[in-house]
Amino acid sequence: MTHGEKRKPRFVDMDQPSVARMYDWLLGGSANFESDRNACQRLLDIAPSTQKLAQTNRAFLRRVVRALVEEYGITQFIDHGSGLPTQDNVHEIAQRLDPGSRVVYVDNDPMVLAHARTTLDENDRTLVLDYDMRDTESIIRSAKKVLDWTKPVAALFVSVLHCLADTDDERAPDRVVRRVAAALPPGSYMVICQLVSDDAKVRDGVTKLMEQETRGQWGRVRTTEEVARFFDGMQIEPPGLGDVIDWRPDAPPPPKHLRPTDWVEWGGLARI
169 MTHGEKRKPR
179 FVDMDQPSVA
189 RMYDWLLGGS
199 ANFESDRNAC
209 QRLLDIAPST
219 QKLAQTNRAF
229 LRRVVRALVE
239 EYGITQFIDH
249 GSGLPTQDNV
259 HEIAQRLDPG
269 SRVVYVDNDP
279 MVLAHARTTL
289 DENDRTLVLD
299 YDMRDTESII
309 RSAKKVLDWT
319 KPVAALFVSV
329 LHCLADTDDE
339 RAPDRVVRRV
349 AAALPPGSYM
359 VICQLVSDDA
369 KVRDGVTKLM
379 EQETRGQWGR
389 VRTTEEVARF
399 FDGMQIEPPG
409 LGDVIDWRPD
419 APPPPKHLRP
429 TDWVEWGGLA
439 RI
């Protein structure tokens, strides 16, 4: 692993739920605390399909990274808001297909950083950066230490933009996406998906709960129309935007009447 710029160590607060640790629990991981598990249970009360959606999202990540390497020839990735290491991380998927693949992970959760650096210590084609995913300038500057900026890069925002609040400044999620797109080399790609719901009660209930549980480290559950606007100016790749369970599935996806009705992971792949 190539080490990023050193930042001041931060305390892991076991009493405050974190989005990364909650996601870890939903995927069946063990890097979480009682506060995270309790928050997940309250989340499941509002949106019962949450655990299934976490698994669906992880499967989408595997498929889209595989497609980028095999079909598009992409071997460089920046994973924004990478979360806790679990099975089939981006570098594992990509490097199985092309051992020369390089991956930059970006996160600022102290537990994520500790686990990632331990897990990736012997992999010299990965870089872990301790940055807020909105700090594009610092991320790109540091990523260039391991990525070749004369070749395309895939920027991943997989199930993380709902963690960013809508603002009137450069920290707004749509502006973050546009800024990253403008900074990447020609021929690069963008992967975006986030939690969406047509049910205002679910959108508002989850947003309120997560805002309280994470003490402000949350954004908003959005509508499909709002997420579609993140892709403005990009060329959407087949099969288009939609529920990620339908994105090039390895097996027939479930019929509509057996799918969640509360919320879904929605997005896709685009060429910049």
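Numbering of the sequence shown is given in our numbering, commencing with residue 169 and proceeding in unit increments. Just so you know, even glycine gets a beta-carbon here, dropped at the ideal spot from N, CA and C.
Less than 8 Å between C-beta atoms, sequence neighbours within five positions excluded: which residues of the same chain meet that for residue i?
i: VAL370; result: ILE214, ALA215, VAL389, ASP430, TRP431
Measure how close the beta-carbons of residue i and residue j come, nearest whole angstrom, since I'm counting them as under 8 Å.
i: ILE440; j: LEU352; result: 6 Å
i: ALA284; j: VAL296; result: 5 Å
i: MET402; j: ALA349; result: 7 Å
i: TRP415; j: PHE245; result: Incorrect: roughly 17 Å between the Cβ atoms, too far for contact.
i: GLY197; j: LEU265; result: Their Cβ separation, rounded to whole angstroms, is 24 Å, which puts GLY197 and LEU265 out of contact at 8 Å.
Span of the alpha helix (DSSP H) holding residue i?
i: TYR191; result: 187 to 194
i: ASP372; result: 368 to 381
i: ARG343; result: 341 to 351
i: SER203; result: 202 to 214
i: THR218; result: 218 to 238
i: ALA262; result: 258 to 265
Quick check on the DSSP output: the beta strand (DSSP E) that includes residue i runs from which residue to which?
i: THR294; result: 294 to 298
i: ILE360; result: 357 to 364
i: GLU433; result: 432 to 439
i: ARG270; result: 270 to 275
Please report the straight-line C-alpha distance between residue i and residue j, rounded to a whole angstrom.
i: GLN380; j: LEU194; result: 19 Å
i: PHE325; j: PHE201; result: 25 Å
i: HIS425; j: THR243; result: 38 Å
i: VAL272; j: TRP434; result: 24 Å
i: ARG347; j: ALA438; result: 15 Å
i: VAL374; j: LEU211; result: 7 Å
i: THR441; j: VAL237; result: Nothing about residue 441 can be reported from this structure: the residues present for the chain run from 169 to 440 only.
i: ASN291; j: ALA262; result: 13 Å
i: ALA368; j: THR391; result: 9 Å
i: MET358; j: PRO278; result: 26 Å
i: ILE457; j: GLY436; result: With the chain running from 169 to 440 in the structure shown, residue 457 is simply not present.
i: GLN362; j: HIS330; result: 6 Å
i: HIS259; j: SER250; result: 11 Å
Per DSSP, which one or two residues make a beta bridge with residue i?
i: ALA322; result: PHE245, TYR357
i: ARG390; result: VAL364
i: ILE307; result: Answer is none; ILE307 lacks a bridge partner.
i: ASP411; result: TRP434
i: GLN385; result: Per DSSP, none; premise fails for GLN385.
Less than 6 Å between C-beta atoms, sequence neighbours within five positions excluded: which residues of the same chain meet that for residue i?
i: LEU332; result: PRO341, GLY387
i: PRO428; result: SER217
i: ARG189; result: ASN200, ASP204
Is residue i close to chain C? Criterion is C-beta to C-beta, closer than 7 Å.
i: THR224; result: Absent here is chain C; the protein component of the structure consists of one chain.
Given residue i, which residues of its chain have a CB within under 7 Å of its CB, disregarding the five upstream and five downstream residues?
i: ALA235; result: ARG416
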